[in-house]
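Participant:
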Amino acid sequence: MSKRSFQGKTILVVGGAGFVGSNLAHRLVAEKPAKLIIVDNLLSADISNVPADPCVDFRFGSITSDQILQKLPDTINFVFHLSTYHGNQSSMHDPLADHENNTFTTLKLLERLKDVKGLEAVVYSSAGCTVAQKTFDEAKPTTEDDPVSLYLDSPYQMSKIFGEFYGNYYWMRHGIPFIKARFQNVYGPREILGAGQWRGTPATVWRNVTPTFIWKALHNEPLPLDKGGVATRDFIYVDDIVAGLMACATNGEAGGVYNIASGVETSIKDLADTINRLTGNKAAVAVMEARPWDRSGKRFGETSKAERELGFVPKVSLEDGLTRTVKWTKENMATIERCVAQHARYLAPQKAAAE
Ligand SMILES: NC(=O)c1ccc[n+]([C@@H]2O[C@H](COP(=O)([O-])OP(=O)(O)OC[C@H]3O[C@@H](n4cnc5c(N)ncnc54)[C@H](O)[C@@H]3O)[C@@H](O)[C@H]2O)c1
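Its first residue numbered 401, the sequence shown is counted upward by one per residue in our numbering.
Have a look at this one:
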């Protein structure tokens, strides 16, 4: 039984044009809110992701903009803060841009929210990778109260945890009902390769392993396996992440933190084999060197707290989720190719240099 409901409420989704944010926005529209405000500067998103519904009020710009912040209503019931400078490699290439679009977004948003009335929950998308132990030995499930290392691999990871620090402070000092949802590796429809602006490295296009593998497999290309694909991750389908975010908002405890994870450990090699099977890709996998910066070996999330306190149980198996994502990718290939093509002039010289 949910403690809070979205019907007739005013909801703000920051980063709501992005992959997870847009899936959340589409799902929230069905809850019949009075108003769903989306703030997004389209840095890593395509406008086609934003739902076309009369309750949706899309505001183009950065959540760090004073003008955008001042024009937010004085009463907002739910906030989902999903904006980020996507992702680890972009943040290493440009730590200042990461600060501006990651850490600073959280601070400026919270400063504004301290004057907003009616807040029932402010849900923050944090990252399990920040907390996970750095190991290639056998992984133990990451729990919510595992310690956080002071030696993180990227500005992105630091920004995600600074967001938790700021949110905890604003909860303790100003009573903002801040709730942390720590994601594992999300995959699924509406993750558009190349969406948004060039952010300095090919990771602008090749965002995450799952959409990259699916795109390459559908183009009959070999799937690249860093370190032979021995690393493991906890892959969670986007509908499950959306359900977890909504459960944080309706049932989460202010000041609390919840792993929103599948709890299932899958190797990158197994992911590649499954995607090749589902797409009929016959190209052999390509074994690559390990990425020098990446010490994240094997990891997955512990899910019992979210189940116990939120009633959250992931429903979609990897096989089912990948099947749905392959289907979506085929159906939306024109949009994906358009977004990838916007970066051709940046990618081409890098490709030529590598050859
Ligand atoms: N996808 C994953 O596997 C994963 C894992 C762990 C955590 N997360 C977190 O979940 C959230 C959503 O991730 P995603 O995969 O949907 O990424 P995404 O890049 O698709 O979405 C981020 C959105 O934030 C927007 N944005 C960037 N800077 C902004 C700014 N200054 N003001 C307003 N909007 C801005 C982008 O344009 C984009 O729409 C992020 O906070 C991310 O750190 C994601």
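For every residue, glycine included, the Cβ atom is placed at its ideal position computed from N, Cα and C.
Computed from a predicted model, the values in this text were never measured in an experiment.
Taking the alpha carbon of lysine 730 as the reference point, which residue from Leu618, Pro473 and Val522 has its own alpha carbon closest?
Facilitator: The residue given as residue 730 occupies position 330 in the sequence shown. The residue with the shortest Cα to Cα distance from lysine 730 is Leu618.
Participant: For alanine 684 and glutamate 538, what's the separation of their Cα atoms in angstroms?
Facilitator: Within the sequence shown, numbered from 1, the residue matching residue 684 stands at position 284. Within the sequence shown, numbered from 1, the residue matching residue 538 stands at position 138. Approximately 27 Å between the Cα atoms of the pair.
Participant: I'd like to know whether the C-beta atoms of serine 559 and aspartate 515 end up nearer to each other than 7 Å.
Facilitator: Counting from one through the sequence shown, the residue named residue 559 turns up at place 159. Counting from one through the sequence shown, the residue named residue 515 turns up at place 115. For serine 559 and aspartate 515, no; Cβs fall outside 7 Å.
Participant: Report yes if the CB atom of glycine 528 is closer than 7 Å to the CB atom of threonine 542, and no otherwise.
Facilitator: The count along the sequence shown starts at 1 and reaches residue 528 at position 128. The count along the sequence shown starts at 1 and reaches residue 542 at position 142. Yes, the pair counts as a contact, with Cβ atoms nearer than the cut-off.
Participant: For a test of your reading of the model: does the CB of histidine 486 fall under 6 Å from any non-hydrogen atom of ligand 1? Yes or no.
Facilitator: In the sequence shown, counting from the first residue as 1, residue 486 sits at position 86. Checking every heavy atom of ligand 1 against the Cβ of histidine 486, one is found closer than 6 Å.
Participant: Pull up the DSSP beta-bridge partners for valine 657, would you.
Facilitator: The residue labelled residue 657 in the question sits at position 257 within the sequence shown. Valine 657 pairs with Lys580.
Participant: Verify whether the separation of the beta carbon atoms of arginine 699 and aspartate 553 is less than 7 Å.
Facilitator: Counted from its first residue, the sequence shown places residue 699 at position 299. Counted from its first residue, the sequence shown places residue 553 at position 153. No. Outside cutoff.
Participant: Between isoleucine 579 and lysine 727, what straight-line distance do the alpha-carbon atoms span, to the nearest angstrom?
Facilitator: On the sequence shown, residue 579 is found 179 positions in, with the first residue counted as 1. On the sequence shown, residue 727 is found 327 positions in, with the first residue counted as 1. Isoleucine 579 and lysine 727: Cα-Cα distance of roughly 34 Å.
Participant: Relative to ligand 1, is the shortest distance from any of its heavy atoms to the C-beta of serine 554 smaller than 6 Å?
Facilitator: Working through the sequence shown from its first residue, we reach residue 554 at position 154. Answer for serine 554: no, Cβ out of range of ligand 1.
Participant: Of the residues Asp440, Gly487, Lys534 and Ala532, which one's Cα is nearest the Cα of phenylalanine 480?
Facilitator: Start at 1 with the first residue of the sequence shown, and residue 480 comes out as number 80. It is Asp440.
Participant: Any idea what DSSP makes of alanine 497, helix, strand or coil?
Facilitator: Here residue 497 corresponds to residue number 97 of the sequence shown, with the count starting at 1. If DSSP states are grouped into helix, strand and coil, alanine 497 belongs with the helices.
Participant: Per DSSP, what kind of secondary structure is alanine 595 in: helix, strand or coil?
Facilitator: Residue mapping note: residue 595 aligns to position 195 of the sequence shown, counting from 1. Judged by DSSP in its simplified three-state form, alanine 595 adopts coil rather than helix or strand.
Participant: What residue range is occupied by the uninterrupted alpha helix (DSSP H) comprising lysine 435?
Facilitator: One-based indexing of the sequence shown puts residue 435 at position 35. First-last for lysine 435: 435 to 440, but that is the beta strand (DSSP E), not the alpha helix (DSSP H).
Participant: What is the rounded straight-line gap between the Cα of glycine 721 and the Cα of valine 450?
Facilitator: Translated into positions along the sequence shown, residue 721 becomes position 321. Translated into positions along the sequence shown, residue 450 becomes position 50. Distance between the alpha carbons of glycine 721 and valine 450 is about 22 Å.
Participant: Take glutamate 707 and list the residues in its own chain whose beta-carbon comes closer than 7 Å to its own, dropping the five residues that flank it on each side.
Facilitator: Along the sequence shown, read from residue 1 onward, the residue named residue 707 stands at position 307. Val713, listed in sequence order.
Participant: Regarding threonine 604 and ligand 1, is the C-beta to nearest heavy atom distance less than 6 Å?
Facilitator: For this step, residue 604 is matched to residue 204 along the sequence shown. Of the heavy atoms belonging to ligand 1, none sits nearer than 6 Å to the Cβ of threonine 604.
Participant: Decide if histidine 574 is buried, meaning its Cβ has at least 16 other Cβ atoms within 10 Å, or exposed.
Facilitator: In the sequence shown, counting from the first residue as 1, residue 574 sits at position 174. Classification for histidine 574: exposed.
Participant: Please report the distance separating the alpha-carbon of leucine 442 from that of valine 413.
Facilitator: Residue 442 sits at position 42 when you count from the first residue of the sequence shown. Residue 413 sits at position 13 when you count from the first residue of the sequence shown. Taking the straight line joining both Cα atoms gives about 13 Å.
Participant: Quick test of your reading: tryptophan 606 and leucine 625, contact by CB under 8 Å. State the CB separation rounded to the nearest angstrom.
Facilitator: As a first step, residue 606 is located in the sequence shown; it is residue number 206 there, counting from the start. As a first step, residue 625 is located in the sequence shown; it is residue number 225 there, counting from the start. Not really, about 14 Å apart at Cβ, beyond 8 Å.
Participant: For isoleucine 447, is the beta carbon positioned less than 6 Å from some heavy atom of ligand 1?
Facilitator: Residue 447 sits at position 47 when you count from the first residue of the sequence shown. The closest heavy atom of ligand 1 lies 6 Å or more from the beta carbon of isoleucine 447.
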